[in-house]
Each structure stands twice: as structure tokens, then as C-alpha cells.
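Following: one structure in C-alpha cells, then a few remarks.
Residue numbers (the working numbering), protein chains in the order written: chain A, 1 to 151; chain H, 1001 to 1738.
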């Protein structure tokens, strides 16, 4: 066990955990931030996507000890009141079906638009290819990203 | 229906043991000081705010929005003033709290309309009494009551306390379809905001003070736990206990949704997920082979003895046994005329065999469940499509009366049939009882993917005979599967051909299977509609014309009595898809395939356009035509349709789970290929037939036909027919072979 001071959604949080603990479980089990989802545990499905200094990162294989000073943003911290352009576009297109993968999809999409405000279809497909959705909402995800890009 | 006014909170208070899940009140909506309950589904606050209970569990098919829309329309309220709350499992109050079989809207239609219109009538009666005017002179609109002659008006909230005390009127008339205001007008997902902001909605998100985390280890198929060396695990940080549980004994009489898979599990319990996960990895478990056993199952069709055979099964072995079985006699399911005689007279014949592997559900939310069992009762909260199917087993296993077992329905991170089988609820409850603490059990993805309850592996042989004029004179389907076949003997083309024979065979297996999005149809539609495509070609006919000719025959001069389809509606979706896809018109560089299917009470036709780029299929466009009667929530219905199509294309191209010696060869997404953003169609159009027929469901019907539409389009693109799923593997084989 070791103590880690983490910057999460703009707040300093301290946790006392095994250094190897993936940040996903620190968020979910220790800090009550359950918006970040467990899907596969091996960075294959994207349900656990967070931002690490603004970059989309799979949290399920990322040990807490590797975070250091980097800033973590989770779906809960993407916007104050759920009005990030990507969140708004998601609601406008009524994207979710079951909804389980959508926090990860939104985090990947928000990171994409931050680095590439007007992505092409191909760039969207590449950036979003790591996020699985068994419900099959991919077309609405793509449409919502385009809407957010034009917002 | 017993009606009483309840104090603030109503039934939520009576189920107050789950404080982690607050009602999701709409933003900006001021909560009333008091609620008045008009019936199980509806309560109204003194300020006119309306709470509608969504009785069915939500797994993504939009029931939590669409079903309350039906209530709201008949109640005649403004949707803006509606709060939807997920009801707990409460069979005394609600009809059929089951999500599956695409039946939610269909079977909810009448009861929900009745509940809404009856509550509205009670409000009208309350106003009539208060104003001393005849009830039939009172009109309503958007949560307001009006009496034109006297100029009196009141909001529902003002009359709710009186209405709640009135007799429940009987046989209240329902609205005319033309008067619907909410039904047919798209409403956004009521949980949309919570989903996009990451609120706690799912079973896996739940937490209770003092809760421990539990994980399981299960054997390969055909094996069971022999011994466990847990010495290392026990010494690891955070670990409270390691033990073996037996959920159900072999002599327990099951229903069709009780598991026969792994009834003895190794369990690790500890304080956090990561600690338990590590301890689970350190277990040294010895497995031993099972003996053949018989289990009694009380299914929908009566009591059955099911054999669970000993042995370590492999996909190669399954395929060999399928070939052997297909040569043997099978059970005759339907016979019209004389197929063999017709074959002797045939000018052209065609025989083809189709195959599909096991599939895993792979819901994005792995299996999980919270349980807190004490001597006083059990609280269970988790993803379930069918709480009613597991209650009897919970009662028997926990030794508690059903009144003391409370099941709360979490939003599910996907279901697809998997969560109709609630072994996870029994497992979590047994673990909690054993450790005497609240626990949340979580499967790893690997546990989830290798646990069974799969889509079965199927095969089907089709034969057909044409006469000199290319008329279909004989049709023979012989389907088999492990452990069930997929033949629906009375479905099309039964009824459209004089000589028809349907047969089925099945083989026992210890690899368990279960409902998987459009059970059986999810294989047989692809096989049948691929075969018809090839048959149309042999007959020298356009594939849509060929089918329409058969429907014409079935309409004018049907064969047999039990044909399980409506000819006009079936032909109707084909005609609509022909029009919308501009079928037969030149111009597209893409290769096209068409298929149509009727299952789960809804008619669907689909056209897939694809190209092959870098040896990979690229789905350019899918056009679907759907007849599900009245469309309650059009945009959500289109979303559901798009999802079924994407999921179908994914499973057709990539879906496969194979076994070696009882061990699944894939256990996570690095091995199990699922459709991703890059492989999704570039465009999908879902068109609905406009009619006033009672609504039917959409969760399943768009899924099965797309398998064949893809196969038929692949044929146009490559010149090769695709008989074996997954098609991408076949495509690769062709390319590899040059």
C-alpha cells in the first residue's frame, strides 16, 4: 500500500492503495466515480476511457503509480453540468441504447475534438475504433461527433 | 386495482432499502409536496407533476421511455411534466416485468393504455364531483381539466387528491388512434442525461456501506471443482474469505431459465475489486470430469428431462457429429404433399448446407449482482431481464419467503437474452448469505465470456425443386443444432409450396446455451434467405420478384393451415424496401443483397450494399423496411433498428466462439472479434410501414435477416456463396486460397 495524491476533475484526492491498482478501480471502488466503466480489463473495449492530461487513455490497465502529476478527467468532470458540446450532441442524436459504453465513447470523442476540431469521417473512425458498442450505436456516435465539431 | 392515496414517496418509501438510487427527477421540475397514487403506474403531485413507473427492466431497447409514453398519452399529460421511475420487481402491482422476446410494447400496449385512460377518467370524475357538472362534459388536454359551459378549469394536480380516493371506473374507452399526441412523436431517452454524465445507473455501479466484493472461478465445460489450494489467496491483502458454493443441486427441479452450467463455484471475497482479482489469479484449482447427469426442467412446454453428458467437447467434434446426424433420420416437424415425389419430377434442384458457430453475448457490462441477505430478508440489485423467472429459485435456495426477497431492477449494460438467466442473482445471494455481509459479485470479462448460455451452434440443409417453368414445386429443410435446432416449421415458405417438409434434430451438450437476440431466427433467417437468393438465381428470377410470387401463391391458394405469417404484411416490407432502396436501378457501384424475415411479430426486409476494399467488405448502405404496426417512439425505434442491423452485420462477419476440450478458445475482446466503428455501415435507413395496427417489438426483428442480406451481397461482390458463419473468415479463406 502507498498513498497517492491525484488530480481528478480539478480536485486533489488522496488514496491509499496498492501501487499496481489500475486507476479504473481507484476511481470506481475508492473514489465513488462510477461513470468510468469496466468492460474488459485489457484495454480492448474502451469503456474505461478517461483523459490523462487531455489525452484519451484506457484506465483499466493504467497503474495508479504511473499517474504522478498528470491531470485525470473522468466523465463526471468533462463539464460542470453535462453541457460539454459532445454531451449535448449525444443528447441531440439520442445516441445511447443500453448506455454502458457511452461514457467511454464520449471521452474518446471529446479528446479527438480537442486535438482535431474538424475530423474527417476516416479520422473519426480511427479515433473511435477502440470503443466497442454491442448495441451498435456507431452511426449515431459518428453523427454526434460531427454535430459537436460544428457546434 | 386497489387505489389509495399514499404519502410523499409512495412505493419508493416502501422500498427504501436502496438509498443509492435516487429518483431521476427531471431538471427544472419542481417536486411536489405530496403524491397521490391513481394506480400502480401513475402518481400525481399536487402541483401537477406526474410520476410514471416503468415496470419492465431496461436493457437498451427504450422501454423505459416508450412504455411510459403510452401511459402519458392516454392520461393526457404534457410529457414535460412527466418523471419516469424504474419500478422494483413487484408482480402484485405490475404486469409482466420481463424484457425479452421483443414483447414489451406489444404486451404492454393494452394494459398501459388502460392504466392511463382509467386514471384520466378518475381525474375527470373528481372534477365532475367538485364542480357538480356531468363528467361527460369535461374535457382534458395536457394535464388540464376543462368544463366549457361553466368556464371552470383545473390542473390534474388540483384534482389528484380527490381522484385518488374514487372508485376505479371500469371499461373506460381508449383514445382513437388519430388522437394520439405523444405516441408517434419522438421523445428522448429519459435516462439520456444520466448516461452522458456518468451517473450511477447500472448494477455494477452500486455500492452500499460495508459492501464486500466477490469474484468467482468456474471450470471448463464438462468439468467441476475437485480441490482448491487457496493458501496464497488467503494471505493476500484485503481478502476476507475463499470458499466453494453450490448454487443449485442436481436434483433441484429447474425452470427453463435456471442454470445447469456451473453450479459449484470457487468464490473469493475481499474489500476491493483489485485485491479480489489478484487473489483469484493466485488460486490453484484442480478440476475433475463430470459424470453424465439428468436434470429435470419445467419449461414452457412441460416437464422435460435434460441430459448433461460427460466429456470434454470441441468444435471439431461438434462439426463431425453434425455431419453424421444430418445423414440420419430426423423428427418430422411439418409435411405437406410429397417432397420426394416432386424431386423426381423436378427439372432443376438445389441443395445447400449452412452452418453457424456458438456465439457469446458479450454485453458490455459484465455479469454482476449486488446482494445482501440476512435472516430478515434479501435485497438483490442487479441486471436482470426476468426477475419473475428467478424468484422461485431464490425462495428455495435462501429459505426465505418471497415477500422477504426484494429484487430491484438495475439499468442493464446490454442483455440480448443473457440476462433472462439469473444465475448471478442466486450466486450473489448465496455468497452474501455465506459471508453475512452485503456483497457485489463481479465477473471478469473472461468469466463472462466463458460461462456458457451461448447462442447454440446450428446447421441446416435446404433442398428445393423447380419445374420446367421455374416454379418452386418442393422445399425441404432439415435443421439441427447442439443442443437445439432452429427450424420454425410453419414459417415461410411453408404455405407457398405444395410439397414441403421440415425436419429437425438435436444433440445433447454440456456447453450451455440460452436465448440470444432473436433465438433460432438469428441463424435460420440467414440460412433460409441465402438459400432463397440462390434458388431465385437458379430460377432466373429477381430475388424480390421470386419471393413476391411465392407470397402471391400463399395468399391465393395457401398450403396447410398453420402458416405463421401475414402474406400482405410480409410482401409489404419487400415492396417498401424495393422502392426505398431503388432496387433494380442502375448506378450504384456497390454489390447488393436482399433478405426478408418475420419473427417476434414484426416484418422486416433489408437491402445491403457493400464493396470489397483491401480484401475486406465495406458496408456502404443498409436500407430496412419494417412493419411493426404503430411506431410508439419513432427516433428510438430507428435507433433500435440501426443497432440490430449493426449487431447482425458484426455477428455475421465476425461472431464465433469455438471450443477445444471444453475450453472456449476466446475469452476477451483481443480474441473475440466484435464489429467496431470502422466496420460499421456508412449509412443506414430504417423505413416504417405506416398503419394503425397494434404495435409489435423491434429489439430482435431487424437482426436476423441482415445475415442473409450480407451473404447475398457478398455473393454479388465475390461470385462466391457464403454458407458458413462467420463470413469474414470464409472471405479470408477464399482470398488466401487465391
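The C-beta atom is built at its ideal place from N, Cα and C for all residues, glycine as well. This one's a predicted model, so the numbers in the text were calculated from it and none came from an experiment.
> In three-state DSSP terms, what is residue 1180 of chain H?
Replying inline: coil
> By the 10 Å Cβ neighbour count, where 16 or more other Cβ atoms means buried, how is residue 29 of chain A classified, buried or exposed?
Replying inline: buried
>> Let me see if you follow: with CB-CB separation under 8 Å, is residue 96 of chain A close to chain B or not?
In response: In the structure shown, chain B does not exist; the protein chains are A and H.
> If you draw a straight line from the C-alpha of residue 1138 of chain H to the C-alpha of residue 1156 of chain H, how long is it?
Replying inline: 13 Å
> When the cut-off is 8 Å and only beta carbons count, does residue 1581 of chain H lie next to chain A?
Replying inline: no
> Can you list the residues of chain H that residue 53 of chain A reaches, using a CB-CB cut of under 7 Å?
Replying inline: The contacting residues do not exist; residue 53 of chain A stays about 20 Å from chain H at best.
> What does residue 44 of chain A touch in chain H if you count any residue whose Cβ is under 7 Å from its own?
Replying inline: 1668, 1669, 1670
>> Quick check on DSSP: helix, strand or coil for residue 1157 of chain H?
In response: helix
> Taking buried to mean at least 16 other C-beta atoms within 10 Å of its own C-beta, is residue 1022 of chain H buried or exposed?
Replying inline: Note on residue 1022 of chain H: pLDDT 40, under 50, position unreliable in the model; the coordinate value appears next. So residue 1022 of chain H ends up on the exposed side.
> What's the call for residue 103 of chain A, buried or exposed, on a 16-neighbour Cβ count within 10 Å?
Replying inline: buried
>> Assuming residue 1248 of chain H and residue 1258 of chain H are in contact, meaning their beta carbons sit under 8 Å apart, how far apart are those beta carbons, in whole angstroms?
In response: 6 Å
> Closer than 7 Å, Cβ to any Cβ of chain A: which residues of the region 1716-1732 of chain H, in chain order?
Replying inline: none
> Do the region 1521-1534 of chain H and the region 1454-1466 of chain H make contact, defined as three or more Cβ pairs closer than 8 Å?
Replying inline: yes
> Could you give the distance in angstroms between the alpha-carbon of residue 1429 of chain H and the alpha-carbon of residue 1444 of chain H?
Replying inline: 18 Å
> Does the Cβ-Cβ distance between residue 1366 of chain H and residue 1412 of chain H come in under 8 Å?
Replying inline: no
> Whose CA, out of H/1493, H/1194, H/1718, H/1489, lies closest to the CA of residue 1474 of chain H?
Replying inline: H/1493
>> Tell me the DSSP secondary structure of residue 1431 of chain H in three-state form.
In response: helix
> Just curious, the beta strand (DSSP E) that residue 1350 of chain H is in, first and last residue?
Replying inline: 1348-1356
> Between the Cα of residue 1134 of chain H and the Cα atoms of H/1152, H/1119, H/1117, H/1141, which residue gives the shortest distance?
Replying inline: H/1152
> Considering only residues of the same chain and omitting the five flanking positions on each side of residue 1227 of chain H, which have a CB-CB separation below 7 Å?
Replying inline: 1286
> Nearest-angstrom Cα distance between residue 1722 of chain H and residue 72 of chain A?
Replying inline: 48 Å
> From residue 152 of chain A to residue 1364 of chain H, what does the alpha carbon distance come to, in whole angstroms?
Replying inline: Here chain A covers residues 1 to 151 and nothing more, so residue 152 of chain A does not appear.
>> Measuring alpha carbon to alpha carbon, tell me which residue in H/1682, H/1495, H/1192 is nearest residue 82 of chain A.
In response: H/1192
>> Let's test the definition: count the other Cβ atoms within 10 Å of the Cβ of residue 1647 of chain H and tell me whether it reaches 16, buried, or not, exposed.
In response: buried
>> When you compare the CB of residue 1613 of chain H with every CB in chain A, is at least one pair closer than 8 Å?
In response: no
>> Just to confirm my understanding: we take residue 1481 of chain H, look at its own chain, exclude 5 residues before and 5 after, and list those with CB closer than 6 Å. What are they?
In response: 1456, 1458, 1506
> Is residue 14 of chain A helix, strand or coil by DSSP?
Replying inline: strand
>> I'd like to know whether the C-beta of residue 1018 of chain H is nearer than 8 Å to at least one C-beta of chain A.
In response: Annotation note: pLDDT 35 at residue 1018 of chain H (below 50); position unreliable, coordinate value reported separately. False, the Cβ-Cβ gap to chain A never drops below 8 Å.
> Where DSSP assigns a beta bridge to residue 1372 of chain H, which residues make up the other side?
Replying inline: H/1379
>> Bridge partners for residue 1248 of chain H per DSSP, in chain order?
In response: For residue 1248 of chain H, which the question treats as bridged, DSSP gives no partner whatsoever.
>> Distance cutoff 8 Å, beta carbons only. Does residue 75 of chain A sit that close to anything in chain H?
In response: yes
>> Just checking: is the beta-carbon of residue 15 of chain A within a distance shorter than 8 Å of some beta-carbon in chain H?
In response: no
> How would you label residue 1341 of chain H, buried or exposed, when you count the other beta carbons within 10 angstroms and need 16 or more for buried?
Replying inline: exposed
> Listing by chain order, which chain A residues have their CB less than 8 Å from the CB of residue 1201 of chain H?
Replying inline: 99
> In this structure, what does DSSP give as the bridge partners for residue 1481 of chain H?
Replying inline: H/1458, H/1506
> Quick one, are the C-beta atoms of residue 1544 of chain H and residue 1576 of chain H less than 8 Å apart?
Replying inline: no
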